[in-house]
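Remarks on the structure that follows.
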Amino acid sequence: MSQNSSNRNPLSASLLASLTATDNQFIPSPAAPGLVNIDTVKDDVGQKTGVIGNEGLTDDLTPTLGGFVDGGAGIVISIYANTE
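With the working numbering as the guide, the letters of the sequence shown map in order to residues 0 to 83.
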């Protein structure tokens, strides 16, 4: 993905949370979103395989994604196909 797409956050605010201590009780509150950067997509299936360029297409139903998340360890990203 290009750097220009960094303005779009694929995670909705309802999926992000942090804990804030108030009077010895933990109350969930929204967290500041981190930058999710998927910088490589690799197609391993079909006629054409290899790294997919920006705005490219793939016939691989489970391409390999590579990248990073700003915000440190412990952050989990889930990607769903067809709501599964």
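Built from N, CA and C at the ideal position, the CB exists for glycine as well. As the structure is a computational prediction, the values presented were derived from the model and not from experiment.
Starting from Thr39, follow its DSSP beta bridges and name the residues at the other end. Answer by DSSP bridge pairing, in chain order: Gly65.
Can you have a look at Asp69 and say buried or exposed, based on whether 16 or more other CB atoms are within 10 angstroms of its CB? Result: exposed.
What residues match up with Gly49 in a beta bridge as DSSP calls it? Paired residue(s): Asp42.
Count the other C-beta atoms from every protein chain shown that fall within 10 angstroms of the C-beta of Asp38, then say buried if there are 16 or more, exposed otherwise. Here Asp38 is exposed. Its C-beta has fewer than 16 other C-beta atoms within 10 Å.
Taking just the CA atoms, how far does Thr61 sit from Asp43? Spanning the alpha carbons of Asp43 and Thr61 requires a straight line of approximately 8 angstroms.
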